[in-house]
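*Asks:*
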Amino acid sequence: MDMNAKKKLGLKEKYALMTRNLGWETTYEPMDKVFPQMDYEGIRIHDWDKWEDPFRLTMDAYWKYQAEKEKKLYAIIDAYAQNNGHLNVTDARYINALKIFLSAVPSLEYNAHRGFARLGREMRGVGPQVACQMQAIDEIRHAQTQIHSLSNYNKFYNGFHDWKHMNDRVWYLSVPKSFFEDACTCGPFEFIIAIGFSFEYVLTNLVFMPFISGAAYNGDLGAMTFGFSAQSDEARHMTLGLEVIKFMLEQDPANLPIIQRWIDKWTWRGVRLLTIVAMLMDYMLPKRVMSWKEAWEVYFEENGMALFNDLARYGIKVPDCAALIKKEKDHISHQAWNAFYTAGMITNFHTWLPSEDEMNWLSSKYPDSFDKYYRPRFEYYRQREKEGKRFYNKTLPMLCQVCQIPMLFTEGDDPTLISYRQIEHKGDKYHFCSDHCQHIFEHEPEKYVEAWLPAHQIYQGNCFAEGADPTAPGFDPLKSVLDYWHLDFGRDNLDFEGSEDQKNFAAWRQQATTN
Amino acid sequence: MSNVFIALQANEDSRPIVDAILADNPGAVLNEQPAMVKIDVPGRMTIRRSSVEARIGREFDLQEMQVNLISLSGHVDETDEEFTLSCER
Ligand SMILES: [Fe+2]
Ligand SMILES: [Fe+2]
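Chain order of the listed sequences is A and B. Under my numbering, the first residue of the first sequence is numbered 657, with each subsequent residue one higher. Under my numbering, the first residue of the second sequence is numbered 188, with each subsequent residue one higher.
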């Protein structure tokens, strides 16, 4: 790189000339008409010049470093594919984590791209415009590199074949999908607080740091590479999220209550979304770097709290939901795996029971909850498996109207009681997983009555295969829904034990290591 | 005082940067994880261009770090000479 960089301009001057000085006050049209989305959320900005850019990255440097990241990434991806790197993962069960990743995450990245592209146009200040435009390009790169990297697995394993179609339809995938769509349908300031601050700054470390480090630990060079490559952009995104919140708070004290409400809402939505990451870390990585609870303590309770302490001088408070989350950290990964294991007929990945060793690891990481509440359940399921009566849940769960997660969480103070809230709105009943989701609904019922809840839609008959006739004799509703999802019964779903993936992986690994 | 941190990919590009941080920031704690390193420092962390250059024997642009950066916390300030993370801006 820059072996002979002779700089004529210092970083600050170069940045000012090539970024900030590109903006101008319009004269043919008033500025308010050029940037019409800046007012309606109630956020008051008096002086866009007060915006401070954390990274002074100009477009030319941006392209240079991004190109370098891509070259590195594709060199590794090619080598990985050429060497059948997929056979080096610790255990074929791990590949199921990638199926969830592919069907959930690139679509989120793409929506992040759309959101930031819109903000690049709608933000009135040139500093945030440029930062949002860079982030928009980063996000589409994340979607593309994830799809490219994981396409290698689709050649060998089941369940990867139609991730975009599934993202729009499969029951549990409405959780990540609705999270981002609900953010994209906000105004520009709320979107950037939702995604730039609450998600990127407060929570994204919990997704990428332990999970991608976990991928590396499990021999998955492919996922490690796209993960770290995406994450290298994340530092910029996080600092944008932090700058945006400080800027808005410094501009006008009237912004505080609006921002506080957004932080409360989107931190909670983000934490709910991360339930699936908790499950990935505790149950789906054969070799574990740290437990969900440990990751939560480092990245939320330590780093997140430091952040909120720093923001306290603006009047920002730790989101209310923090108290409940602290209680839930001992439970959510186990409750989620329990839900997916029992729903193993309608998943686009395989499920299994943790081995004795794995259960011991879980006991050591969750001394206050695992042996008491969850081990007995898994032992009961194991007993049933032995008797040839593997338990599958044959009905569809009630979903939370806001986060769209099945009612699988328990009360903060009673892990044996499902947390369940119900209210009436204009003559209809709505259900919630928690007080926090209920409050979000109560504040914006017009938005959340529109939620497309997969379980409800299936029961209403909107999710059968094309041309299916539910009144025909012998009609099998489950089979028809799986057809509608493009999910191949017996290949993509059910137990890992006995699956085609398991057999193929064992046979190929055998071939790769013997003559 | 709370910590600020930086996380970098564990590779040859990062090694001199990590060494420079550890040398220049008293109280820095190195945490090695699979494929990555994380360094925590109480309050404030400074990465000096000159310290990295002294270790690699060539000119170095602090923005080269972008390629191997995984995550960070705190408020960023970036000049030609120094990259700083601090709890307060
Ligand atoms: Fe991204
Ligand atoms: Fe909910």
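Glycine residues also receive a C-beta, built at the ideal position from the N, C-alpha and C atoms.
Just to confirm before moving on: does the CB-CB distance between K725(A) and S834(A) stay below 8 Å?
*Replies:* In the first sequence, counting from the first residue as 1, residue 725(A) sits at position 69. In the first sequence, counting from the first residue as 1, residue 834(A) sits at position 178. Cβ distance not < 8 Å, so K725(A) and S834(A) don't count as in contact.
*Asks:* Grab me the residues of I901(A)'s own chain with a C-beta within less than 6 Å of its C-beta, minus the 5 sequence neighbours each way, in chain order.
*Replies:* The sequence position of residue 901(A) within the first sequence is 245, counting from 1. Result list for I901(A): F853, in chain order.
*Asks:* Using a Cβ-Cβ cut-off of less than 7 Å, give me the residues of the stretch 879 to 890 of chain A that come near chain B, in sequence order.
*Replies:* Against chain B - using a Cβ distance shorter than 7 Å - the residues of the stretch 879 to 890 of chain A are M880, F884, Q887, S888 and E890.
*Asks:* Any beta carbon from chain A within less than 8 Å of T266(B)'s own beta carbon?
*Replies:* For the purposes of this step, residue 266(B) is taken as the residue at position 79 of the second sequence. Yes, T266(B) counts as interfacial toward chain A.
*Asks:* Please tell me whether P762(A) has its Cβ less than 8 Å away from any Cβ of chain B.
*Replies:* As a working mapping, residue 762(A) is identified with position 106 in the first sequence. It does not: the Cβ of P762(A) has no partner Cβ on chain B nearer than 8 Å.
*Asks:* Which residues in the same chain have their Cβ closer than 6 Å to the Cβ of D264(B), if we skip the five residues on either side of it in sequence?
*Replies:* Position 77 of the second sequence holds residue 264(B). So the list reads T271, once near-sequence residues are dropped.
*Asks:* For V945(A), which of W1017(A), A992(A), I988(A) and W680(A) has the nearest alpha-carbon?
*Replies:* Stepping through the first sequence from its first residue, residue 945(A) is reached at position 289. The residue with the shortest Cα to Cα distance from V945(A) is W1017(A).
*Asks:* Excluding five sequence neighbours on each side, which residues of the same chain lie with their C-beta closer than 7 Å to the C-beta of I1114(A)?
*Replies:* Working through the first sequence from its first residue, we reach residue 1114(A) at position 458. Answer for I1114(A): L1052 and V1137, listed in chain order.
*Asks:* Please tell me whether M865(A) has its Cβ less than 8 Å away from any Cβ of chain B.
*Replies:* Here residue 865(A) refers to the residue found at position 209 when the first sequence is read from its first residue. With 8 Å as the cut-off, M865(A) counts as an interface residue toward chain B.
*Asks:* Measuring only between beta-carbons, confirm whether L209(B) sits less than 8 Å from chain A.
*Replies:* Indexing the second sequence from 1 puts residue 209(B) at position 22. Not one chain A Cβ lies under 8 Å of L209(B).
*Asks:* Any beta carbon from chain B within less than 8 Å of S869(A)'s own beta carbon?
*Replies:* The residue you call residue 869(A) lines up with position 213 of the first sequence. Taking Cβ atoms only, chain B reaches closer than 8 Å to S869(A), which makes this a yes.
*Asks:* Could I get the ranges of all uninterrupted alpha helix (DSSP H) runs contained in the stretch 908 to 943 of chain A, with 4 residues as the minimum, in chain order?
*Replies:* Within the stretch 908 to 943 of chain A, the complete alpha helix (DSSP H) runs of at least 4 residues are 911 to 929 and 931 to 935.
*Asks:* Could you give the residue range of the alpha helix (DSSP H) that holds I1074(A)?
*Replies:* On the first sequence, position 418 is the one that residue 1074(A) refers to. Not the alpha helix (DSSP H): I1074(A) falls in the beta strand (DSSP E), residues D1070 to I1074.
*Asks:* Could you check where the alpha helix (DSSP H) with I868(A) kicks off and where it finishes?
*Replies:* As a working note, residue 868(A) is residue 212 in the first sequence. Segment T860 to Y873, the alpha helix (DSSP H) holding I868(A).
*Asks:* Measure the alpha-carbon distance for I915(A) versus E846(A) and round it to whole angstroms.
*Replies:* One-based indexing of the first sequence puts residue 915(A) at position 259. One-based indexing of the first sequence puts residue 846(A) at position 190. Whole-angstrom Cα-Cα distance: 8 Å.
*Asks:* Specify, as a first and last residue, the run of the alpha helix (DSSP H) that K1135(A) falls within.
*Replies:* Mapped onto the first sequence, residue 1135(A) falls at position 479. Here the alpha helix (DSSP H) through K1135(A) covers P1133 to W1141.
*Asks:* Using the C-alpha atoms, what's the distance from F757(A) back to S947(A)?
*Replies:* As a first step, residue 947(A) must be located in the first sequence, where it is residue number 291. As a first step, residue 757(A) must be located in the first sequence, where it is residue number 101. Computed Cα separation, rounded: 19 Å.
*Asks:* Compare the C-beta of I257(B) with all C-beta atoms of chain A and state if any pair is closer than 8 Å.
*Replies:* Residue 257(B) sits at position 70 when you count from the first residue of the second sequence. It does: the Cβ of I257(B) has a partner Cβ on chain A nearer than 8 Å.
*Asks:* Please report whether the beta-carbon of N739(A) lies at a distance below 8 Å from any beta-carbon of chain B.
*Replies:* For the purposes of this step, residue 739(A) is identified with residue 83 of the first sequence, where counting begins at 1. Chain B contact via Cβ: absent.
*Asks:* Under three-state DSSP, which class holds S675(A)?
*Replies:* Position 19 of the first sequence, counted from the first residue, corresponds to residue 675(A). Note that residue 675(A) is Thr in the sequence shown, not Ser. It is coil, neither helix nor strand.
*Asks:* Cα-Cα, which of L963(A), W993(A) and E1153(A) is closest to C274(B)?
*Replies:* Taking the first residue of the second sequence as position 1, residue 274(B) is located at position 87. Checking every option, the nearest Cα to that of C274(B) belongs to L963(A).
*Asks:* In terms of residues, what are the limits of the alpha helix (DSSP H) holding E795(A)?
*Replies:* As a first step, residue 795(A) must be located in the first sequence, where it is residue number 139. Taken as a continuous stretch (DSSP letters only), the alpha helix (DSSP H) holding E795(A) covers V782 to N810.
*Asks:* Could you check whether the Cβ of T895(A) sits closer than 8 Å to any Cβ belonging to chain B?
*Replies:* Within the first sequence, the letter at position 239 stands for residue 895(A). So yes, T895(A) belongs to the interface.
*Asks:* Are the C-beta of P710(A) and some C-beta of chain B separated by less than 8 Å?
*Replies:* Taking the first sequence and counting its residues from 1, the one referred to as residue 710(A) is at position 54. So, interface residue.
*Asks:* Which residues in chain B have a C-beta closer than 7 Å to the C-beta of A872(A)? List them in chain order.
*Replies:* As a first step, residue 872(A) must be located in the first sequence, where it is residue number 216. Correct list: P221 and A222.
*Asks:* Can you list, in chain order, the residues of its chain with a C-beta nearer than 6 Å to that of Y718(A)? Leave out the 5 residues immediately preceding and following it.
*Replies:* By one-based count along the first sequence, residue 718(A) stands at place 62. Within the same chain, Y718(A) has close Cβ partners M790.
*Asks:* With a threshold of 7 Å, establish whether the CB of E795(A) neighbours any heavy atom of ligand 1.
*Replies:* Taking the first sequence and counting its residues from 1, the one referred to as residue 795(A) is at position 139. Yes - ligand 1 has a heavy atom lying nearer than 7 Å to the Cβ of E795(A).
*Asks:* I'd like to know whether the C-beta atoms of F1065(A) and S1090(A) end up nearer to each other than 8 Å.
*Replies:* Here residue 1065(A) refers to the residue found at position 409 when the first sequence is read from its first residue. Here residue 1090(A) refers to the residue found at position 434 when the first sequence is read from its first residue. For F1065(A) and S1090(A), yes; Cβs fall inside 8 Å.
*Asks:* Exposed or buried, M961(A), counting other C-beta atoms within 10 Å across all chains shown (16 or more means buried)?
*Replies:* As a working mapping, residue 961(A) is identified with position 305 in the first sequence. Flag for M961(A) reads exposed.
*Asks:* Pull up the distance between the alpha-carbon of D920(A) and that of M694(A), whole angstroms please.
*Replies:* Looking up residue 920(A) in the first sequence gives position 264. Looking up residue 694(A) in the first sequence gives position 38. Rounded to the nearest angstrom, the two C-alpha atoms are 22 Å apart.
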